[in-house]
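What follows is a single structure, written as structure tokens, with notes after it.
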Amino acid sequence: MGSNMAECHPVGFQWVMEAKLRGAQVIHVDPRFTRTSAVADRHVPIRAGSDIAFLGGIVNYILEHGREFREYVERYTNAAHLIDESFRDTEDLDGLFSGWDPERRVYDRSSWQYEGVSEISAPMGAPRQSKGIATGERHGSHGAPLAGHPDTDPSLEHPRCVFQILKRHYRRYTPEVVEQVCGVPRDEFLRVCEALCDNSGPERTSAFCYSVGWTQHTVGVQYIRTACIIQLLLGNIGRPGGGILALRGHASIQGSTDIPTLYNLLPGYLPMPQPEDQTISDYLDYNAAPTGFWGHMDAYLISLLKAYWGDAATADNDYCYGHLPRVSGDHSTYQSILAMRDGTVKGFFVMGENPAVGSANGKLQRLALANLDWLVVRDLYEIETASFWYDSPEIDTGELHTGDIGTEVFFMPAAAHTEKDGSFTNTQRLLQWHHKAVEPPDDCRSELWFMYHLGRLIRQKLARSTDERDRPLLDLRWDYPTNGDTSEPDAEAVLREVNGWDAAGAPLSGYTQTKPDGSTVCGCWIYCGVYADGLNQAARRSPRVDLDWVAPEWGWAWPANRRMLYNRASAAPDGTPWSEATRYVWWDADRKRWTGHDVPDFEAGKPPDYEPAPDAEAEAAIRGDDPFIMQADGVGWLFAPAGLADGPLPAHYEPHESPFGNPLYSQRSNPARQMFPRPEDPYNPADGQPGADVFPYVVTTYRVTEHHTAGGMSRFLPYLSELQPEMFCEVSPELAAERNLTNGDWATIVSSRTAIEARVLVTERVAPLEIQGRRLQQVGLPYHWGTRGLSTGDAANDLFPLVLDPNVHIQEVKAATCDVRPGRRPRGPALTALVHEYRKRAGLSEEEHA
Amino acid sequence: MTTTPPRVGFFTDTSVCIGCKACEVACKEWNDVPADGLNFLTSSYDHTGTLGADTWRHVAFIEQRVAAPGDGAEGLRWLMSSDVCKHCTHAACLDVCPTGALFRSEFGTVVVQADVCNGCGYCIPACPFGVIDRREHDGRAWKCTMCYDRLRGGFEPACAQACPTQSIQFGPLDELRSRASARVRTLHHRGVDDARLYGADEDDGVGGFGAFFLLLDEPETYGLPPDPVVTTRDLPHLWRWAAAAAATLTGAVAVAMFGGRR
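Chain order of the listed sequences is Z and D.
Just so we're aligned, residue 0 is where the first sequence starts under numbering that gives the first Met the number 0, counting upward by one.
Just so we're aligned, residue 0 is where the second sequence starts under numbering that gives the first Met the number 0, counting upward by one.
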């Protein structure tokens, strides 16, 4: 669901095909019948933006029919935990959870806590919220701290235990409601539920695969949370063949969150410090969990500071902790773009990204770029983000004039992955090293080269500075060896630093060796071990014929070369495999050790019946039958008492722009979603608001196999461009008849942001759906195109507004509303006139939305 | 002492094709086949159209309404199939080539030698599949060589190597044929009654293909001739008929000439 895996991950999809050859059943739930649907056993068409209703319906089916994996649920999840008396569910408050502050549009999460936990998890506490950071900034990616021991009811009968709350929460997500909300016929939905339940349990497992079809919504994080609930109820986490697989959009998106390009994280999911975290001690007080493996956050952080600042980082200066920047709120990509538009952000580096095409509301993106002092774009070709100042829709309409734009644009040609050494980390957390195959042409250079030499030159220029603010740069350990005529830094030297070394300079072999006393260096604790024994473990390529099926010597997976996280859950509480068919990691009673096909994700010698002492800390506080060792309470969270900005349980909310109301609650959309109402970002009226009928269709975006994301790697290549030569829209024969569209001809797609044109592909693969007694047409748009390259076309993302998920600030471009009309769009100022006319008809005032 | 390698070929199993077109790109990259233009064809996701001088692999996309296996409800089916030169056992292109540019390789494949081809074009109407064609601005005939250079180096053809789902399988033809028969049996067993092999029969009109297919519908659906015949098959007969016709004509003329005198 939420993924078109065959088209967007064709190489990874070979394993789905192999599983299918061995008898696996493949079900594809997607608004469109895609190349994935073509080879699936079943395709279930669904309305874009309604997946929580569908998944919540599955939760309800499992609980109503007693299909949960009972022992797994009782022992490995927080089903038995009692929730605080003050908690109120969406069932009680008609679509809101307790703690909602309507003025600031944030939740106070204190009522979502476990009963008996004296001190609520600090990151979620009220003082922090009062600083306006009620979102996900506080967390790394894993659990939240917890103090005290929650009360439980192992019988799962207590009305305030998570299991009963869950039951009540999803009781109304019946097959009939699923049909109403998603447009999936009742019988079709029940077939999916049965197939999933029949293929889960002690003997069998099922997996979910998702991509940005799930994430790019105002409730994106909660989509995935709903899948987590299903998989925990069915016992499909930590077991072979189970899991929830996030399929990434680029080769190393996983790597760029592990060693992040994100504003709120340090390497290894350590949270970025906040202004009030004055010292390491403050930082740890707020972030480190007393129990679970986050109990060693001090060792991870101090080893990281030693990697950054080397000898300059000492116990006396708090290991240069003060050099770290502080994050004071949401500084995600969209907030930064708005700050550029408003003139507070003056400079911008763009690498491996093409926001002028790939981000929502392209016009706003380009207007922001035009307001910068300087812009550095590093890419293989001169992409739209680099050319906006002379070649963009706004130049064409006259909204921008080249002569008026002050932005100094530096275009730096980049080396491709075949032209440099480095690693890719895939969705399985598997690092695979790639060696340079050819030299980059001309002036093309790697990112590593660029960043290293930029740092070197800046440090040279600042060498005599006595300004305190330059200390973080001047104190850096910046001594990577370089090779060849171009002085290319040695990528393996970086990997070695990521891995880390001990006081004697010997490579660490695992993160348990990191120390909080400054004697170890480690650039990313979860990657520690990738350079164990001084060897690049990510470069291992033992042929699969020489390895067992888990293939531990192909590349290297974090952490500790584990191929599956939480694999303690593959054994029953007593340490024996749940079944022969799903045997993976188990307790060897004779040797008194965990053993199996994979590296056990557990302390190797901790027996299944281990009970922690009341005052135990870190991993010692995790019981011998608690598999979720990164969670403070060692269990999987059906109910999330902390960590989320928009509710401890997922609830179905309509997309921000939707032609339908919410039949479940009077709260229509996610109350905590981030909106930016401003003249450049008008919103189409939604169902029930005047003017909603001006934009009657649902529009969704996607990729096709032949092109790569925003096009920088495909539209400039003849062999790829000829395979999908033009921007197109996919519409049903019914919609084509309704709007006079002809296959192969042109259509114009309009929102209140802009209008774009596309060639028409009339296809039954985009089927109309019956929703709440109305017939809905959906329009499909690939988002690869822009003005540059061999194959050019309008950018689909120009149609979409800035409206974001409150947890991770991702844009909602998988479901919005639009109108469609035959023919090409107007040129020049006539385009803006058309959009204005639409806004007028929709009742959007021109003063606000000029 | 050298031994002749076994005849090799392609088994294209369209039931596992995901239409990624990696075969098209890998073929063009390896063989340096020119790009042939940006043409939006309104034919589902197919913007390549047909095999030709500049397209040696072509993935067809066919959208259909069919009865679903099992409940029989009408559902959608999207067929994808990567077409290629068939490397016929009896190859008419090779028969008609006057320069010997087309030859049967030691691997049993049919290959054009660009440096020998004189561009006469006889091979083009000779092919029952419309595979081979002349390149504009060049005049010479081009088609799939089954990566003759790679085979000589001990590698598999580029398309087969690039195919992520093993829809394109390369190997000794005998082995491929038995693998393909087993695959058809499996699919029939699973209720995919439409599965059939195309070009695996040595008794067909071209003596069997060196590159054969597993299809899920009639060959015509994919734009393939249902009963291809080597166009040069009838040449010997044609000559016999021509001789007989000449004799008859002579007789008739004689009758006309002499009969008139009666």
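Where is the CB? At the ideal position from N, CA and C, for every residue including glycine.
Starting from the C-beta of residue i, find all residues in its chain whose C-beta is less than 7 Å away, skip the five residues before and the five after it, and write them out in chain order.
| i | result |
| --- | --- |
| Ala671/Z | Arg104, Val105, Tyr106, Ala644, Asp645 and Pro805 |
| Gly595/Z | Tyr583, Val584 and Trp585 |
| Thr313/Z | Gly517 |
| Phe851/Z | Outside the displayed range of chain Z (0 to 849) lies residue 851/Z, so it cannot be described from this structure. |
| Leu801/Z | Tyr333, Ala359, Asn360, Leu363, Phe675, Asp680 and Gln810 |
| Ala125/Z | Per-residue confidence for Ala125/Z stands at a pLDDT of 28, beneath the threshold of 50, marking its modelled position as unreliable; no derived number is given. |
| Pro224/D | Pro127, Phe128 and Pro218 |
Excluding five sequence neighbours on each side, which residues of the same chain lie with their C-beta closer than 6 Å to the C-beta of residue i?
| i | result |
| --- | --- |
| Cys116/D | Ala100, Arg139 and Ala140 |
| Leu195/Z | Ser205 |
| Ile119/Z | In this prediction, Ile119/Z scores a pLDDT of 40, lower than 50, which makes its location untrustworthy; the coordinate-derived value is nonetheless stated afterwards. Answer for Ile119/Z: Ser109 and Gln112, listed in chain order. |
| Ala709/Z | Asn353, Val356 and Gly357 |
| Tyr172/Z | Gly55, Gly56 and Asn59 |
Helix, strand or coil: which one does DSSP assign to residue i?
| i | result |
| --- | --- |
| Ser422/Z | strand |
| Arg56/D | strand |
| Asp12/D | strand |
| Asn498/Z | helix |
| Pro201/Z | coil |
| Gln179/Z | helix |
| Pro171/D | strand |
| Thr49/D | coil |
| Asp407/Z | Note on residue identity: the sequence assigns Glu, not Asp, to residue 407/Z. It is a strand residue. |
| Pro717/Z | helix |
| Thr708/Z | coil |
| His42/Z | strand |
| Trp548/Z | coil |
| Pro218/D | helix |
| Trp388/Z | coil |
| Glu398/Z | coil |
| Thr88/D | coil |
| Gln666/Z | coil |
| Gln215/Z | coil |
| Arg261/D | Legend: pLDDT at Arg261/D = 46, less than 50; position of this residue unreliable, value from coordinates given subsequently. Three-state DSSP puts Arg261/D in coil, outside helix and strand. |
Would you mind stating whether residue i and residue j have Cβ atoms separated by less than 9 Å?
| i | j | result |
| --- | --- | --- |
| Trp111/Z | Gly98/Z | yes |
| Leu473/Z | Leu461/Z | yes |
| Asp45/D | Val229/D | no |
| Arg66/Z | Leu232/Z | yes |
| Pro440/Z | Lys419/Z | no |
| Asp378/Z | Met339/Z | no |
| Asp29/Z | Val43/Z | yes |
| Cys22/D | Cys158/D | yes |
| Phe347/Z | Leu371/Z | yes |
| Ile770/Z | Val819/Z | no |
| Glu729/Z | Arg764/Z | yes |
| Arg787/Z | Phe727/Z | no |
| Thr225/Z | His655/Z | no |
| Gly209/D | Leu150/D | no |
For residue i, which residues of its own chain have a beta-carbon under 8 Å away from its beta-carbon, when the five flanking residues on both sides are left out?
| i | result |
| --- | --- |
| Leu789/Z | Arg714, Phe715, Leu716, Pro717 and Ser720 |
Sequence ranges, alpha helix (DSSP H) only - wholly within the segment 120-150 of chain D, length at least 4: 122-125, all fully within the segment 120-150 of chain D.
Within the segment 731-795 of chain Z, ranges of the alpha helix (DSSP H) (whole runs, at least 4 residues): List check, alpha helix (DSSP H) in window: 732-738.
Residues in the segment 686-706 of chain Z having any Cβ partner in chain D nearer than 7 Å: Those residues of the segment 686-706 of chain Z that come within reach of chain D (Cβ to Cβ, closer than 7 Å) are Thr704 and Glu705.
Contact list for the segment 404-435 of chain Z against chain D, Cβ threshold 7 Å: The segment 404-435 of chain Z vs chain D, Cβ under 7 Å: nothing.
Length at least 4, wholly inside the segment 434-508 of chain Z: the alpha helix (DSSP H) runs in chain order: If only complete runs of 4 or more residues are kept, the segment 434-508 of chain Z shows the alpha helix (DSSP H) at 446-461, 470-473 and 490-498, in order along the chain.
Those runs of the beta strand (DSSP E) which lie wholly inside the segment 261-340 of chain Z and span at least 3 residues: Every candidate beta strand (DSSP E) stretch fails here, since none sits fully inside the segment 261-340 of chain Z while reaching 3 residues.
Minimum length 3: unbroken beta strand (DSSP E) runs contained in the segment 550-626 of chain Z: Those beta strand (DSSP E) runs which fall completely within the segment 550-626 of chain Z and span 3+ residues are 584-587 and 592-595.
Near-chain D residues of the segment 2-34 of chain Z (beta-carbon distance less than 7 Å), N- to C-terminal order: Among the residues of the segment 2-34 of chain Z, those with a Cβ less than 7 Å away from any Cβ of chain D are Ala5, Pro9, Val10, Phe12, Gln13, Met16, Phe32 and Arg34, in the order of the chain.
Interface positions of the segment 188-203 of chain Z facing chain D (Cβ-Cβ less than 7 Å), listed along the chain: Residues passing the 7 Å Cβ filter: none.
Beta strand (DSSP E) runs contained entirely in the segment 69-106 of chain Z, provided each spans 3 or more residues: Listed in chain order, there is nothing to give.
Under 9 Å (Cβ pairs) to chain C, residues found in the segment 77-107 of chain D: Of the protein chains in this structure, namely Z and D, none is chain C.
Residues of the segment 4-15 of chain D with Cβ closer than 7 Å to any Cβ of chain Z, in chain order: Only Val15 from the segment 4-15 of chain D bring a Cβ to less than 7 Å from some Cβ of chain Z.
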